[in-house]
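Colleague: Our numbering numbers the first residue of the sequence shown as 210 and each following residue consecutively.
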Amino acid sequence: MKHTVYGISLAAIALLVVAIALGISGKNVRANEMETSLNAAIEQSMEQLRIGKGSGEGNSQDMVADFNQLLLLQMESDSDVQVEVLTADAERGILDVRVRERYQNILGQGREAVCRKSVILEGYVEKNGYHTVTFLVDGQMYSQYSLYGGGKVVFPKAPEKSGKTFQHWAKQGQAGGIPEGMEIREDLTVEAVFQ
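1) How big is the Cα-Cα spacing for A379 and Y339?
2) Ignore the nearest five residues each way along the sequence and tell me which others in T245's own chain have a CB closer than 7 Å to its CB.
3) Thinking C-alpha only, which one of E392, E300 and K211 is nearest S269?
4) If we ignore side chains and look at the alpha-carbon of each, how far apart do I222 and L316 end up?
5) L258 and V308 - do their beta-carbons sit closer together than 9 Å?
6) Have a look at G348 and V328 and give me their C-alpha separation to the nearest angstrom.
7) If I follow the unbroken alpha helix (DSSP H) through L279, where does it start and stop?
8) In the DSSP assignment, find the unbroken beta strand (DSSP E) run with E392 in it and report its ends.
9) Please say whether A250 and Q283 have beta carbons closer to each other than 9 Å?
10) CA-CA distance, I387 and L330?
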């Protein structure tokens with residue numbers, strides 16, 4: 210009798226250890242599957258954007274729809290998948306998504322795995338690189354910063370010059386002022402105009 214109780218206890222402990230190992234393994238398998246599926250779906254949707262963008266097609270909604278379709282084709286497990294698109298900008302080649310997968314482990318308990326990926330299509334980075342905006346006062350650098358192509362100019366604090374009043378910022382060598390918020394497509398040098 211003593212050996213029977215001992216055998217049943219060992220079998221129960223072994224079963225519990227196996228269930229725990231399967232639970233941990235299942236979580237790792239789910240997380241791996243989700244990350245692999247997410248990587249493949251983002252890569253394929255950005256490649257479709259790159260190819261489509263070359264022919265003048267594509268927008269953010271199409272990019273998100275392609276991504277969702279590709280992700281669901283990649284996922285094979287039985288689970289509820291929630292996709293949260295944090296940023297989708299087809300114009301700049303940016304996609305940032307968070308995927309949440311809810312599933313039941315071997316013991317029937319609800320579990321959740323979350324994965325987030327952000328991608329910037331390199332071809333767009335090269336196309337819309339950074340540009341330098343330089344502010345000069347009497348030929349000397351007053352302020353300088355870099356902006357991503359398409360970024361907007363923000364003026365620094367108005368400079369002071371004894372006996373004169375600051376009027377506006379003008380492109381170097383030109384008389385008219387430039388507006389704050391002007392989009393940058395190339396390096397820009399502006400000079401302070403005083404009166």
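The C-beta atom is built at its ideal place from N, Cα and C for all residues, glycine as well.
Modeller: In this structure, then:
1) 21 Å
2) none
3) E300
4) I222 and L316 have their C-alpha atoms spaced approximately 15 Å apart.
5) Result no, Cβ atoms of V308 and L258 do not sit closer than 9 Å.
6) 41 Å
7) Counting along the chain, the alpha helix (DSSP H) containing L279 begins and ends at S269 to Q283.
8) Careful: E392 lies outside any beta strand (DSSP E) and carries neither H nor E.
9) yes
10) So the alpha carbons of these two residues sit roughly 32 Å apart.
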